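*Asks:* Have a look at this one.
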Amino acid sequence: MQYLKPFLISGLIAAASSLSINADGYKNPVIPGFHPDPSVVRVDDDFYLVNSSFCYFPGVPIYHSKDLVNWQQIGHVLDRKSQLNLEKAGVWGGIYAPTIRYDNGRFYMITTNVSDKGNFLVHTTDLSKGWSEPVWLQQGGIDPSLYFEDGKCYMVSNPDVGIWLCEIDPLTGRQLTESRRIWDGTGGRHPEAPHIYKKDGWYYLLIAEGGTELGHSVTIARSRDINGPYTPNPANPILCHFNRENQYNPIQGTGHADLVQAPDGSWWLVCLAFRQQNGAHHLLGRETYLAPVRWDKDAWPVVNGNGSISLDMDVPTLPLSPVTTNPTRDNFSGDRPEVEWVWMRNPVMENYSTGKDGLHIKATDVTLDNSKESPSLLLRRQEHIDFTAATEVSLTNAPDGMEAGMTVFASEPSHYDLYVTRGADGSDSIKLRYRLNELTHVESSIPVPAGCRTVGLQIKGTPTTYSFAYSTDGGQNFMPIASMNTRYLSTETAGGFTGTFIGLFATSPSGSGDARFKYFDYIPENK
Ligand code: 6LW
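Rendered as structure tokens:
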């Protein structure tokens, strides 16, 4: 895994300045922006968390924390094409929900590539050395999970609209027992996201029901025998916001959870949910949330006292151990983009370079509307509802029709693009284009003054608008161009599973030309 450095650095900083403090309360989401389907594991006093990643590469971001509140991305689990084939993957194809587990000195991450051969796992005994090649599995469905006991490894997933269990050899992928249907849930649609835990001699089976929209919920059943029969908790669902008490809660769609016990014996739940903005819209995708769990001996687990969560969690936490936050300006001075940057599908890495003078992207003829290939496009998640992003871009060897700039990107049919383009007469102009399914609209075209070689581009996000501005004086003054409603890029309007990204791109009809991005600013206005 190529990205271990930030984790080591943050560990040193935390140790050096004794940042560990006891405190009450924390803010949700604990990992904002598109971070769905969280799964968590503890190894001694370290927690590791993974999320699904769909068509984005590298896949399955992995985070580290000491306190479950402060998380630092330490890399991606799937960082090479032999582990993650995304050829022709749809934007909402690729990697669905992962589970991370640890047994006998070895980490396991199991997931589904819905655009490849389905369920597989990878493993490693040393996170700094990366993960194995995929071990493909027989049992179908999505949301596979693992449970280890006495040298045996069990797999659960959800083929045929139910939860099925089998025993596997996790190193060869061989299925050792027949798949057996163990629970259908309480009747909600899409029973999924199963995880098995053992406590007080009971096998607990945690699942999500209701689909990943407003009716999403978490339910649980238990049995003395791992094969069942499982008895549902009479108090199900243990987490759900689709009720009167939570009708005005800004957090909706709570579901897809995983449980973990801290070294002090306390229990915690991570789950996905989304924040509504601009009416009943959400743009940032499904994010990762944290809740305390009371789990008495022989009793059912109770999430945060009443089965709901809030943005401000007024509860005791583990001793807090802050992590370093990203600087607001990225100069791309390293030998590759920082860990938060991703590509669509399997990127052509030769088209990107970083170094002392910033990021260079080679244009290709693959546009942002292309839903099969990998455009010359580097993206990072929009993690904050209110933010400002800015860059300065220049074009070199630009052919007629070349475009390079910044995009707010939900999916190929839904993005707003602010860019510089080269005309047939060799002059440049700044354009703002809205692509909304069947509609493509160029809102503005502003000539770049002769002699201006670098153009500043700025996007500001608020709950209701994205505002676009440009600068021809080296990013000193930004002149407004226009504002556009956020709602058209929301999941409710644009569809899908993934949130909005801010991207830097270059494209040209002839496939030639280079763009240089001097820096990229991402300035959050709130969490
Ligand atoms: C995931 C499923 C779900 O596999 O959505 O919200 C699917 N839950 O469990 C894609 O994220």
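Counting in this note's numbering, the sequence shown runs from 34 upward without gaps.
No residue lacks a Cβ here, since even glycine has one placed at the ideal position from N, Cα and C.
Just so you know, these numbers come straight off a predicted model, no measurement behind them.
Here's the rule: buried if 16 or more other CB atoms are within 10 angstroms of the residue's CB, otherwise exposed. What is V231?
*Replies:* A quick correction: the sequence has Lys, not Val, at residue 231. With fewer than 16 Cβ atoms within 10 Å of its Cβ, K231 is classed as exposed.
*Asks:* Verify the contact flag: P270, CB atom, against every heavy atom of the ligand 6LW, threshold strictly below 8 Å.
*Replies:* no
*Asks:* G58: buried (16+ other C-beta within 10 angstroms of its C-beta) or exposed?
*Replies:* exposed
*Asks:* Based on the DSSP secondary-structure assignment, which residues constitute the bridge partners of N649?
*Replies:* Absent from the model: residue 649. The displayed extent of the chain is 34 to 560, so no value can be given.
*Asks:* Can you grab the Cα-Cα spacing for the pair I556 / W376, in whole Å?
*Replies:* Distance between the alpha carbons of I556 and W376: 21 Å.
*Asks:* The ligand 6LW heavy atoms versus the CB of F530: any closer than 8 Å?
*Replies:* yes
*Asks:* Using the three-state DSSP reduction, which class does D419 fall into: helix, strand or coil?
*Replies:* coil
*Asks:* Near V147, which residues of its chain fall below 6 Å by C-beta distance, leaving aside the five closest residues on each side in sequence?
*Replies:* G126, Y129
*Asks:* Relative to the ligand 6LW, is the shortest distance from any of its heavy atoms to the C-beta of R222 smaller than 8 Å?
*Replies:* The answer is no for R222.
*Asks:* Grab me the residues of S516's own chain with a C-beta within less than 6 Å of its C-beta, minus the 5 sequence neighbours each way, in chain order.
*Replies:* T498, S500
*Asks:* Evaluate contact between the stretch 132 to 146 and the stretch 172 to 185, counting only Cβ atoms and requiring at least three cross-stretch pairs below 8 Å.
*Replies:* The stretch 132 to 146 makes contact with the stretch 172 to 185, as at least three CB pairs between them are under 8 Å.
*Asks:* Quick check on R486: does DSSP put it in helix, strand or coil?
*Replies:* coil
*Asks:* Measure the C-alpha to C-alpha separation of S477 and H314 and round it to an integer number of angstroms.
*Replies:* 27 Å
*Asks:* So R103 and M346 are in contact, right, with Cβ under 8 Å, and what is the actual spacing, rounded?
*Replies:* Just to set this straight, residue 103 is Asn in the shown sequence, not Arg. Between M346 and N103 the Cβ distance is about 13 Å, and since that is not below 8 Å, they are no contact.
*Asks:* According to DSSP, is A332 helix, strand or coil?
*Replies:* Of the three classes helix, strand and coil, the one that applies to A332 here is coil, per DSSP.
*Asks:* Could you tell me whether any non-hydrogen atom of the ligand 6LW is closer than 8 Å to the CB of I64?
*Replies:* no
*Asks:* In terms of residue numbering, what span does the alpha helix (DSSP H) encompassing A254 cover?
*Replies:* That residue, A254, is in no alpha helix (DSSP H); its beta strand (DSSP E) goes 250 to 256.
*Asks:* Taking the straight line between their C-alpha atoms, what separation do you get for C485 and G206?
*Replies:* 59 Å
*Asks:* Beta-carbon separation of G489 and Y503 under 9 Å?
*Replies:* yes
*Asks:* Going by CA-CA distance only, name the one from I492, D233, L272 that's closest to R255.
*Replies:* D233
*Asks:* Where W197 and V189 are concerned, what is the direct C-alpha to C-alpha distance, given to the nearest angstrom?
*Replies:* 5 Å
*Asks:* What residue range is occupied by the uninterrupted alpha helix (DSSP H) comprising T30?
*Replies:* Nothing can be reported for residue 30, as the shown portion of the chain is limited to 34 through 560.
*Asks:* Is I54 helix, strand or coil by DSSP?
*Replies:* Below a pLDDT of 50, predicted positions are generally treated as unreliable, and I54, at 45, falls in that range; no measurement from the model is reported.
*Asks:* Cutting at 8 Å between CB atoms, please list the residues of its own chain near L238, excluding the five before and the five after it.
*Replies:* V189, I196, I215, W216, P227, H228, I229, I253, A254, R255, S256, Y263
*Asks:* Would you call the CB atoms of G434 and T454 closer than 9 Å?
*Replies:* Yes, the pair counts as a contact, with Cβ atoms nearer than the cut-off.
*Asks:* Ends of the alpha helix (DSSP H) at E242?
*Replies:* Where E242 is concerned, there is no enclosing alpha helix (DSSP H), although the beta strand (DSSP E) it sits in stretches over 235 to 242.
*Asks:* Taking the straight line between their C-alpha atoms, what separation do you get for Q208 and N152?
*Replies:* 12 Å
*Asks:* I need the straight-line Cα distance from T357 to Q105, nearest angstrom please.
*Replies:* 8 Å
*Asks:* For a test of the three-state rule: what should DSSP assign to L101, helix, strand or coil?
*Replies:* coil
*Asks:* Mind checking who T358 pairs with in its DSSP beta bridge?
*Replies:* Answer by DSSP bridge pairing: none, since T358 is not bridged.
*Asks:* In or out: H223 buried (at least 16 other Cβ within 10 Å) or exposed?
*Replies:* buried
*Asks:* Candidates D291, C273, V293: which alpha carbon is nearest Q285's?
*Replies:* Considering only alpha carbons, the answer is C273.
*Asks:* With distances taken from CA atoms, which of R75, R549, F511, T531 is nearest A306?
*Replies:* T531
*Asks:* Can you find at least 3 beta carbon pairs, one from the stretch 112 to 127 and one from the stretch 367 to 374, that sit closer than 8 Å?
*Replies:* Between the stretch 112 to 127 and the stretch 367 to 374, the count of Cβ pairs shorter than 8 Å is below three; the stretches do not touch.
*Asks:* Who are R414's beta bridge partners in DSSP?
*Replies:* DSSP lists F534 as partners of R414.
*Asks:* Given this structure, state the Cα-to-Cα distance separating L428 from S541, to the nearest angstrom.
*Replies:* 11 Å
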